[in-house]
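The next block holds one structure in the form of C-alpha cells; read it before the comments.
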C-alpha cells in the first residue's frame with residue numbers, strides 16, 4: 010500500500026518523485042522481484058480491524074466548516090481600528106525618496122493589525138485611527154531584517170485606510186442550508202445526514218486502506234529478503250536526488266537549503282540514508298506482491314489494468330493525459346496487480362480484537378524468552 014501512496018497524484022513526499030517507475034509489466038519481470046525472497050504463510054493473516062466509527066465531534070467539525078465556508082463579510086467604515094482587526098488599505102512605500110512597493114488598486118491590501126505583515130511597527134501606528142484617514146507613517150527596518158535590501162533603513166508609508174473587514178460566521182439553520190446548497194438540501198436534518206453519510210464513506214475507505222496496508226505489512230515483516238534487483242535502489246535514489254537538484258536550482262537555492270526547508274534534513278547524507286531505507290521498504294512490498302501474484306495467478310490483464318486506470322481518473326478527478334504523465338503503462342499494470350493481491354489477502358485474512366492480538370503478542374514474547382533461556386542453559390551445560 011505504501012507504493013500506492015508513493016505514486017499518488019500530487020504527493021509531496023520525496024519518495025513520490027518517480028521512485029517506482031518501471032514496475033514489471035510482464036510475468037518475467039514480476040519474477041525478477043519474486044526471486045528476491047521466499048514469501049510464504051500469507052493465508053489467514055490476523056489483523057485488528059481499524060475503527061469505522063464516525064464521532065459526533067467529526068460531524069460537528071464538518072458543520073462548523075460548512076458555516077465557516079459561508080462566512081458573511083461586511084465593510085465597517087466607522088469604527089476605531091484595534092489590535093486584531095482586518096484592515097483594508099492602499100499604500101505606497103518609499104525609501105530615500107524612491108518607490109519600493111505599493112498597492113493602489115481598487116481591491117486594496119488586507120492586513121491584520123498586530124501581525125506586522127507589511128513592515129515592523131506600521132500596525133501599531135494605525136491602531137486608534139478610523140477608515141478614511143490618509144496619513145504618512147515612518148518606520149525603521151531592524152538591522153537583522155529578513156529582507157537584507159531594506160535592513161536598517163528608514164521607510165515611509167503613504168497609507169489610505171479604506172475599511173475594517175468584518176467577518177461573521179452564520180448560524181447553522183435551514184435557511185443557510187437551503188441557500189448554500191441551492192435548494193438541494195432544505196433542512197439542517199437532511200444536510201447533517203448527508204455530511205454523516207459522506208464522513209462514513211471516507212472513514213470506511215480509510216479503514217479499508219489501513220487494514221489492507223497492515224495485512225501486507227505483516228507479511229513483509231515475516232519475510233526474509235535475501236537481495237534486491239541489482240542497481241534498482243541506487244538508481245531510484247539517484248533519480249530522486251537529480252529531481253531535488255533540479256527543483257533546488259529552480260528555486261535558486263542549494264540542495265542543502267532545499268532539503269532543510271522542504272524535508273527538515275540538515276545534511277544530505279542523512280537524507281540519502283532515509284531515502285535508501287524508504288525505497289528498500291517499498292521494494293520489499295513490491296517483492297511480496299510479485300511473489301503472491303505469480304503463485305496465485307493474479308497478474309492483472311489488460312482489461313483489469315484499464316479498469317484500474319479509469320478508477321484512478323475517477324478518484325482523482327483528472328483526465329487520461331494527467332494519469333499518463335504520472336504513471337507508465339508498467340506502473341499501472343503493477344498497481345492493478347497489487348489491488349488483486351490485496352483483495353485475495355483480505356479474503357483470507359482473519360479479524361481479531363485488540364485484546365486477543367495483545368494476548369498473542371505477549372504469548373509470543375514469553376515463548377521467545379523461554380527459548381532464549383533454554384538455549385542459554387544448554388550452552389552453559391555444554392561449556393561445563
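Residue numbers (the numbering used here): 10 to 393.
All C-beta atoms in this analysis are idealised placements derived from N, C-alpha and C, irrespective of residue type, glycine included.
Because the structure is a prediction, the values reported are computed rather than measured.
Which partner residues does residue 36 have in the DSSP bridge list?
BP columns for residue 36 are empty, so no partner.
Let me know the alpha helix (DSSP H) ranges lying completely inside the stretch 274-347, each 4 residues or longer, listed in chain order.
277-304, 311-325 and 329-335
Would a check of beta-carbon distances place residue 289 closer than 9 angstroms to chain B?
Looking for chain B here will not work: only one protein chain is present.
Residue 239, enclosing alpha helix (DSSP H) - first and last residue:
Per DSSP, residue 239 belongs to no alpha helix (DSSP H) and is neither H nor E.
How many angstroms separate the CA atom of residue 178 from the CA atom of residue 70?
One C-alpha to the other measures close to 14 angstroms.
Buried or exposed for residue 39, going by 16 or more other Cβ atoms inside 10 Å?
buried
Reference residue 120; option with closest CA among 252, 95 and 90
Looking at 252, 95 and 90, the one whose alpha-carbon comes closest to that of residue 120 is 95.
Among 44, 53, 42 and 43, which residue has its Cα nearest to the Cα of residue 359?
53
In the DSSP assignment, find the unbroken alpha helix (DSSP H) run with residue 115 in it and report its ends.
Neither: residue 115 is in no alpha helix (DSSP H) and is coded neither H nor E.
Rounding to the nearest angstrom, what Cα-Cα distance links residue 175 and residue 57 in this structure?
49 angstroms
So does residue 82 have its beta carbon nearer than 8 angstroms to some heavy atom of the ligand HEM?
The ligand HEM is not among the ligands present in this structure, which contains no ligands whatsoever.
Name, in chain order, the residues that DSSP records as bridge partners for residue 81.
177
Verify whether the separation of the beta carbon atoms of residue 138 and residue 101 is less than 9 angstroms.
no
Is residue 168 closer than 9 angstroms to residue 104 when the C-beta atoms are compared?
no
Assigned secondary structure, residue 42 (DSSP; H/G/I helix, E/B strand, else coil)
helix
Might you give, ordered along the chain, the residues of its own chain that have their beta carbon closer than 6 angstroms to the beta carbon of residue 55, omitting 5 neighbours on each side?
Contacts found: 359 and 361.
Report the residue from 148, 131, 171 and 336 whose alpha carbon sits nearest the alpha carbon of residue 113.
171
Could you tell me the distance, in whole angstroms, from the CA atom of residue 269 to the CA atom of residue 311?
43 angstroms
Closest Cα partner of residue 349 within the set 157, 184 and 225:
225
Short check: CB of residue 327 to CB of residue 209, under 9 angstroms?
The Cβ atoms of residue 327 and residue 209 do not sit closer than 9 angstroms to each other.
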